[in-house]
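> In full-length UniProt numbering, the protein residues as written are 1 to 348.
Beta carbons: idealized from backbone N, C-alpha and C, even for Gly.
The structure presented is a predicted model; accordingly, all values stated were derived computationally and were not measured.
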C-alpha cells in the first residue's frame, strides 16, 4: 500500500478514536465510530484476496448496523429527554439498544458471530488493529454510560462472553480464530466488573491489549497462522518459542505472569460485592480458556512436527521485520505482576 495512503488511514483511525474519547454528545461519538470503521475498511481489503474482501464486507455490515442502532437509540433518547448528552440516558429502551449496539461493535456474546470469521480473513497486522485499537472507542462509550445500563444485563453479557469465548476456542486449528475467541472471553471479564469498578475494566483492557499485541506480533514474526505450523517454530527460533508459550499462558491468566493480575483483581472485587457464585463461574470459564492456550503451548514446545529437520539450519534469511515492538510488548505481557500493588494504588 502507498505509504501516504497508509499514513492517511492510520491517522484517520486515530482521529476517529480520539473524537469518540473526547465527546459527550452522541452525534460526535457516532461520527468518531464511523470514521474509525471507514478508515480500517481499506486496510482490511488491501490484499484483494476473496477471504479478505469477504471479511471486510462482513465487518462493514456489522459495524454499520451497530452505528445505525446507536444513532437511532440516541435520537430516541434525545426525543424523550430533550438532550443529546451521554450522561443523561434515562430511557430504558434507548439504553438497552445502545448497550446491544456497543456489544455488537466489540464482539460480545451473543453478538460475537462476526468476530472469528472476520479475523480469520485478515492478515496479522490488520488483525492486531482490529483486536486492540478498534475496541477502544466503543469501550470509552460503554464506560461513560455504564451507570445507565441494567446490572443484570451487564452480568449476563459478561458471563455469556467468557463461557462462549472459552467453549468456542476449544476445537479451533486456526490461530486467528483462537485469538478471536480469546478476545471474546476477555471482553466478558471487562463487562462483568464494569458496574462495580470501571477502573478495573480499564486495567483489564490495557493488559488485554498488551498481551494480544505480543501474541499477534510473535505470530507475524514467525509467519504462523495454524496450530500445525507452531510445531515447526522451535527449530527456527527456540527463544521466540519459549516466550510465545509464556505469552499464551499469560493470556490464559496463569500466575506469575501479567495476565493473572486483572483476573485476580476482578475476582476479588466480585467476592467483595457479595457475588461468590458469579466469581466461581468466571474462574471456571477461565479454566476452559486456559485449556486451549495449553493446547497451543503443547503443540509448540512438546511436539515435533514430522517435517522438522533436527539439525540446525546452515543458512537463514535475515528477517526484515522490526522486533522492538514485539520485545517491548512481550516483556510487559510477562513481567508486570510484581507492580500490582502500585497499580492498585493508582486505580482504587
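Short of 6 Å in beta carbon distance, which residues of its chain neighbour residue 76, apart from the five on each side in sequence? Order them along the chain.
Once the five neighbours on either side are set aside, the close Cβ partners of residue 76 are 94.
> Do you know offhand how far residue 101's Cα is from residue 144's?
15 Å
> Quick check: what's the CA-CA separation for residue 78 versus residue 135?
26 Å
> For residue 262, which option in 92, 199, 91, 157 has the closest C-alpha, if you only look at C-alpha atoms?
199
> What runs of the alpha helix (DSSP H), each 4 residues or longer, lie entirely inside the segment 121-175?
124-131, 133-144, 151-168
> Measuring alpha carbon to alpha carbon, tell me which residue in 246, 279, 183, 172 is nearest residue 228.
172
> Express the C-alpha separation of residue 169 and residue 296 in angstroms, rounding to a whole number.
11 Å
> Examine the Cβ distances between the segment 102-119 and the segment 177-195 and report whether three or more of them are shorter than 8 Å.
yes
> Looking only at its own chain, which residues have a Cβ that is under 8 Å from the Cβ of residue 237, when we skip the five neighbours before and after it?
222
> Can you give me the Cβ contacts of residue 31 inside the same chain, cut-off strictly under 7 Å, excluding the 5 residues immediately before and after it?
19
> DSSP three-state label for residue 25, please.
strand
> Let's test the definition: count the other Cβ atoms within 10 Å of the Cβ of residue 63 and tell me whether it reaches 16, buried, or not, exposed.
buried
> Quick one, are the C-beta atoms of residue 166 and residue 285 less than 7 Å apart?
yes
> Which runs of the beta strand (DSSP E) fall wholly inside the segment 170-249 and span at least 3 residues, in chain order?
Counting only unbroken stretches of 3 or more residues, no beta strand (DSSP E) element lies wholly within the segment 170-249.
> Below 7 Å between beta carbons: does that hold for residue 119 and residue 127?
yes
> Tell me the residue span of the alpha helix (DSSP H) that contains residue 87.
First-last for residue 87: undefined, no H or E at that position.
> Hey, residue 190 and residue 205: beta-carbon distance below 7 Å or not?
yes
> Which residues bound the alpha helix (DSSP H) around residue 253?
Element bounds for residue 253: n/a, residue is neither H nor E.
> Using only the alpha-carbon positions, how far apart do residue 66 and residue 56 sit?
Using only the alpha carbons, I get a separation of about 15 Å.
> Does DSSP classify residue 60 as helix, strand or coil?
Taken through DSSP and simplified to helix, strand or coil, residue 60 comes out as helix.
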